[in-house]
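Colleague: First residue of the sequence shown: 31, per my numbering; consecutive thereafter. In this text, a Cβ means the ideal position worked out from N, Cα and C, and glycines have one as well.
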Amino acid sequence: MVSEMTKELRIAMIGYGFMGKAHSNAYRQVGQFFPSRFQPVLQVLCGRDEAKAKAFAQAWGYKHVVTDWREVIARDDVDAVDICTPNNSHAEIAIAAAKAGKMVLCEKPLSMDVEEGERMVRAIESAGVANTVWYNYRRIPAVTMAKQLIGEGRLGKIFHFRAQFLQDWTISADLPQGGAGLWRLDASAAGSGVTGDLLAHCIDTAQWLNGPISRVVARTETFVKERVHILSGKMEPVGIDDACEFICDFENGSLGNFESTRYARGHKAKYSFEINGENASIAWDLHDLHRLEYFDHRDQSSLRGWRSIHVTDGDHPYMKQWWVPGLAIGYEHSFIHHVADFLKSLESGAPAHPTFREAHETGKVCAAILKSAKSERWELTGASEIR
Ligand SMILES: NC(=O)c1ccc[n+]([C@@H]2O[C@H](COP(=O)([O-])OP(=O)(O)OC[C@H]3O[C@@H](n4cnc5c(N)ncnc54)[C@H](O)[C@@H]3O)[C@@H](O)[C@H]2O)c1
Numbered sequence: 031m032v033s034e035m036t037k038e039l040r041i042a043m044i045g046y047g048f049m050g051k052a053h054s055n056a057y058r059q060v061g062q063f064f065p066s067r068f069q070p071v072l073q074v075l076c077g078r079d080e081a082k083a084k085a086f087a088q089a090w091g092y093k094h095v096v097t098d099w100r101e102v103i104a105r106d107d108v109d110a111v112d113i114c115t116p117n118n119s120h121a122e123i124a125i126a127a128a129k130a131g132k133m134v135l136c137e138k139p140l141s142m143d144v145e146e147g148e149r150m151v152r153a154i155e156s157a158g159v160a161n162t163v164w165y166n167y168r169r170i171p172a173v174t175m176a177k178q179l180i181g182e183g184r185l186g187k188i189f190h191f192r193a194q195f196l197q198d199w200t201i202s203a204d205l206p207q208g209g210a211g212l213w214r215l216d217a218s219a220a221g222s223g224v225t226g227d228l229l230a231h232c233i234d235t236a237q238w239l240n241g242p243i244s245r246v247v248a249r250t251e252t253f254v255k256e257r258v259h260i261l262s263g264k265m266e267p268v269g270i271d272d273a274c275e276f277i278c279d280f281e282n283g284s285l286g287n288f289e290s291t292r293y294a295r296g297h298k299a300k301y302s303f304e305i306n307g308e309n310a311s312i313a314w315d316l317h318d319l320h321r322l323e324y325f326d327h328r329d330q331s332s333l334r335g336w337r338s339i340h341v342t343d344g345d346h347p348y349m350k351q352w353w354v355p356g357l358a359i360g361y362e363h364s365f366i367h368h369v370a371d372f373l374k375s376l377e378s379g380a381p382a383h384p385t386f387r388e389a390h391e392t393g394k395v396c397a398a399i400l401k402s403a404k405s406e407r408w409e410l411t412g413a414s415e416i417r
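1) Does the distance between the C-beta of P381 and the nearest non-hydrogen atom of ligand 1 fall short of 8 Å?
2) Within the continuous alpha helix (DSSP H) that includes A89, where are the two ends?
3) What are the residues that DSSP puts in a beta bridge with K37?
4) When you compare only the Cα positions, how much space is there between V123 and R328?
5) Does DSSP classify G131 as helix, strand or coil?
6) Kindly indicate the opening and closing residues of the beta strand (DSSP E) around R245.
7) Give the straight-line distance between the Cα atoms of M31 and K37, rounded to the nearest whole angstrom.
8) Could you have a look at K300 and say whether DSSP puts it in helix, strand or coil?
9) Could you name the residues of the same chain whose beta carbon sits closer than 6 Å to that of D419, not counting the 5 residues immediately before and after it, in chain order?
10) Near S311, what residues of its chain come up, given a Cβ to Cβ distance below 6 Å and the 5 sequence neighbours on each side ignored?
11) Report whether the distance from the Cβ of G208 to the nearest heavy atom of ligand 1 is below 8 Å.
12) So what does E155 bridge to, in DSSP terms?
13) Just verifying my parser: in three-state terms, what is the DSSP assignment at N118?
14) Taking Cβ to Cβ, would you say G307 is nearer than 9 Å to I399?
15) Please report how far the alpha carbon of P381 lies from the alpha carbon of K93, in whole angstroms.
16) Kindly list the residues whose CB is nearer than 8 Å to the CB of W408, restricted to its own chain and excluding five residues on each side of it in sequence; keep chain order.
17) Express the C-alpha separation of F63 and H231 in angstroms, rounding to a whole number.
18) When DSSP builds the beta bridges, which residues end up paired with C232?
19) Would you give the residue range spanned by the alpha helix (DSSP H) that Q194 belongs to?
20) Taking all protein chains shown into account, decide if V354 is buried (16 or more other Cβ within 10 angstroms of its Cβ) or exposed.
21) Determine the direct distance from the alpha carbon of T342 to that of W352, and round the result to whole angstroms.
22) DSSP three-state label for M31, please.
23) Check whether the Cβ atoms of H368 and W164 lie closer than 9 Å to each other.
24) For the beta strand (DSSP E) that contains V96, what are its first and last residues?
25) At the level of alpha carbons, what is the spacing between A127 and I113?
26) Give the C-beta separation of L205 and R149 to the nearest angstrom, bearing in mind that I take them to be a contact with Cβ-Cβ under 8 Å.
27) Below 8 Å, can you find three or more Cβ-Cβ pairs linking the segment 149-163 to the segment 79-98?
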């Protein structure tokens, strides 16, 4: 029963894969832990395979199922469209949804390239609809706490930002590319390889914590040059970057050093970063996501050392809403926090970060990286608006 004070937010989810599940879980849980006037309602699930879509809808409690995303746009019982499809479909769906006056929550990377990203930002802003892009790692409490510590000026002037995102799942040359399961290896569906898939997360976090990246120089490599394409059954060239390393300048004068690969045997999703300032340093690792490592040079010298802060206390970001101090939460909670903040933004009328415009700044850095890997020169990013 919906009270007078409560407003339904009727969600249409496009796609029922990994992110379809992570987001559905977030919509279902958010109201129990982060009370809001806005109550997400799982209104429509869109998937092209009707049987699979129906099974997903039943498991997660969606009211309706459709097999073409255009039906979602035409419906008047949908307030927000959540895009959880491969990267090459984000723009078309987001622009149509915005033109129809729907709010849009889009998975990352926002777009396939800068031109597409610009069209998406224009469409969303001229429609004036609420929008956000799911750079969810910002909302892991320890990462949010890093933002707070930097905001309080504890690090002082920042000199270095380094990040890695390491995986090992594409080492086998027998792994095909394309189709429903392996679209990430097909450049026509993914846009790029580790740059858009993994480094985009690192860049979003980096620019959020440390401000805009002004220029980059990058090296990419495609270790397996040809793979069988699932749809054609033929051996086809591989167009994605399997690995990417880049160095960069931040506008604040600090230096960045980033690495991502799907060829780091033994690593499944090792996202980590370290920031060094004149007074203090911070380090974080997704494999131990509730810990923030902190070193403060201003501590008494005999006691000085790295502290490992278990970010689970009531005065840590988001944690008051969860269990008792000391009890950890996990990966899925970053999505719950993203929805909670989106609902808060609807209440206040403030933008929900990162907006399309802000996520496009990450897209610009990714584009400059790919350009630099080809030109073998420094490339300017043009990135500037980060919150
Ligand atoms: N924020 C994150 O941490 C994170 C993690 C993983 C993926 N992603 C992003 O989420 C998006 C989806 O990735 P995923 O891992 O969930 O992929 P997935 O392959 O698990 O799921 C994709 C879904 O989209 C559906 N789909 C494809 N084309 C469609 C269309 N035209 N109409 C309707 N449905 C369609 C597929 O059937 C599938 O259900 C990608 O953009 C990816 O980069 C983000």
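Modeller: Working from what's here:
1) Here residue 381 is taken as the residue at index 351 of the sequence shown, counted from 1. No; taking the cut-off as 8 Å, the Cβ of P381 has no heavy atom of ligand 1 nearer than that.
2) Against the sequence shown, residue 89 aligns to sequence position 59. Per DSSP, A89 belongs to the alpha helix (DSSP H) from E80 to W90.
3) The residue labelled residue 37 in the question sits at position 7 within the sequence shown. For K37, which the question treats as bridged, DSSP gives the partners F68.
4) Counted from its first residue, the sequence shown places residue 123 at position 93. Counted from its first residue, the sequence shown places residue 328 at position 298. According to the sequence displayed, residue 123 carries Ile and not Val. Answer to the nearest angstrom: the Cα atoms are 51 Å apart.
5) Taking the sequence shown and counting its residues from 1, the one referred to as residue 131 is at position 101. Coil, per DSSP.
6) Translated into the one-based positions of the sequence shown, residue 245 becomes position 215. Run containing R245: I243 to E251, per the beta strand (DSSP E) assignment.
7) As a first step, residue 31 must be located in the sequence shown, where it is residue number 1. As a first step, residue 37 must be located in the sequence shown, where it is residue number 7. At M31 the pLDDT is 47, less than 50, meaning the model places this residue with poor confidence; the figure from the coordinates comes in the next sentence. One C-alpha to the other measures close to 11 Å.
8) Here residue 300 refers to the residue found at position 270 of the sequence shown. The answer is strand: DSSP assigns K300 an E or B state.
9) Within the shown structure, residues of the chain are numbered from 31 to 417, placing residue 419 beyond reach of any answer.
10) Numbered from 1 along the sequence shown, position 281 holds the residue referred to as residue 311. Only F325 meet the Cβ criterion.
11) In the sequence shown, counting from the first residue as 1, residue 208 sits at position 178. Because no heavy atom of ligand 1 lies under 8 Å away, the Cβ of G208 does not count as near it: no.
12) Here residue 155 refers to the residue found at position 125 when the sequence shown is read from its first residue. According to DSSP, which records beta bridges pairwise, E155 is partnered with nothing at all.
13) Looking up residue 118 in the sequence shown gives position 88. Residue state, collapsed to three classes: helix.
14) Mapped onto the sequence shown, residue 307 falls at position 277. Mapped onto the sequence shown, residue 399 falls at position 369. Not a contact, by the Cβ cut-off of 9 Å.
15) Residue numbering aside, residue 381 sits at position 351 when the sequence shown is read from its first letter. Residue numbering aside, residue 93 sits at position 63 when the sequence shown is read from its first letter. The alpha-carbon atoms of P381 and K93 are separated by roughly 29 Å.
16) The residue you call residue 408 lines up with position 378 of the sequence shown. For W408, where only same-chain residues beyond five positions count, the Cβ hits under 8 Å are R245, V246, V247 and S402.
17) The residue given as residue 231 occupies position 201 in the sequence shown. The residue given as residue 63 occupies position 33 in the sequence shown. One C-alpha to the other measures close to 26 Å.
18) Numbered from 1 along the sequence shown, position 202 holds the residue referred to as residue 232. DSSP output for C232 lists no bridge partner at all.
19) Here the question's residue 194 lines up with position 164 in the sequence shown. Where Q194 is concerned, there is no enclosing alpha helix (DSSP H), although the beta strand (DSSP E) it sits in stretches over I188 to L196.
20) Within the sequence shown, numbered from 1, the residue matching residue 354 stands at position 324. So V354 ends up on the exposed side.
21) Here residue 352 refers to the residue found at position 322 when the sequence shown is read from its first residue. Here residue 342 refers to the residue found at position 312 when the sequence shown is read from its first residue. If you take the alpha carbons of W352 and T342, they lie about 9 Å apart.
22) Here residue 31 corresponds to residue number 1 of the sequence shown, with the count starting at 1. Note that M31 scores 47 on pLDDT, short of 50, meaning its location in the model is unreliable and no value can be drawn from it.
23) Along the sequence shown, one-based indexing puts residue 368 at 338. Along the sequence shown, one-based indexing puts residue 164 at 134. Yes.
24) For the purposes of this step, residue 96 is identified with residue 66 of the sequence shown, where counting begins at 1. Unbroken beta strand (DSSP E) run through V96: H94 to V96.
25) The residue given as residue 127 occupies position 97 in the sequence shown. The residue given as residue 113 occupies position 83 in the sequence shown. Cα to Cα, the separation comes out at about 10 Å.
26) To locate residue 205, count along the sequence shown from 1; it is residue 175. To locate residue 149, count along the sequence shown from 1; it is residue 119. Not quite, the Cβ-Cβ distance comes to about 33 Å (not below 8 Å), so this is no contact.
27) no
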